[in-house]
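Accompanying notes for the structure given below.
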């Protein structure tokens, strides 16, 4: 992606020409990279979060908050999947201006993310509900900043 963008900049400013497909492909790759990075962060539990309230709760309170959080995230996955499915259907016959690829490929990242994130969340939710999670793992953020 970096090579495509940098090469296009050099060609535009140095030689007054460019590769028209490089903008489009780099934009598509950036969107896919962002969603796939979100999946990795979800799997590694690396998203930012606050634990001010949850850290003061007991084990059962932490479990309830975690289950509610997982259920809300599953709802968002469903909404994202449903919206991406509609956009993919709508844009299936539309083609991108430079590459000629179906725009469904662009919007299908929401389908991939929605299903993959839901599977990760369902697996984690199953672990919480069956008691396979330690008390330390009930707060699902990696690190926090200490307040001064």
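In the numbering used here, the protein residues as written are 4 to 151. Where a beta carbon is used, it is the ideal one built from N, C-alpha and C, also for glycine.
With residue i as the anchor, note down where its alpha helix (DSSP H) starts and where it stops.
{"i": "residue 48", "result": "From DSSP, residue 48 is part of no alpha helix (DSSP H); its letter is neither H nor E."}
{"i": "residue 19", "result": "No alpha helix (DSSP H) holds residue 19; DSSP gives it neither H nor E."}
{"i": "residue 117", "result": "107-132"}
{"i": "residue 95", "result": "No alpha helix (DSSP H) holds residue 95; DSSP gives it neither H nor E."}
Can you tell me whether residue i is buried or exposed, with buried defined as 16 or more other CB within 10 angstroms of its CB?
{"i": "residue 122", "result": "exposed"}
{"i": "residue 16", "result": "exposed"}
{"i": "residue 131", "result": "buried"}
{"i": "residue 116", "result": "buried"}
{"i": "residue 127", "result": "buried"}
{"i": "residue 64", "result": "exposed"}
{"i": "residue 69", "result": "buried"}
For my contact list, residue i and residue j are in at a C-beta cut-off of 8 angstroms; report their separation, rounded to the angstrom.
{"i": "residue 58", "j": "residue 142", "result": "6 angstroms"}
From residue i to residue j, what does the alpha carbon distance come to, in whole angstroms?
{"i": "residue 62", "j": "residue 87", "result": "37 angstroms"}
{"i": "residue 39", "j": "residue 52", "result": "20 angstroms"}
{"i": "residue 158", "j": "residue 42", "result": "The structure shown does not extend to residue 158, since the chain spans only 4 to 151, so no value can be given for it."}
{"i": "residue 54", "j": "residue 60", "result": "10 angstroms"}
{"i": "residue 46", "j": "residue 140", "result": "13 angstroms"}
Pick out whichever of the options has its Cα sitting closest to the Cα of residue i.
{"i": "residue 118", "options": "81, 5, 68", "result": "81"}
{"i": "residue 107", "options": "96, 101, 100", "result": "96"}
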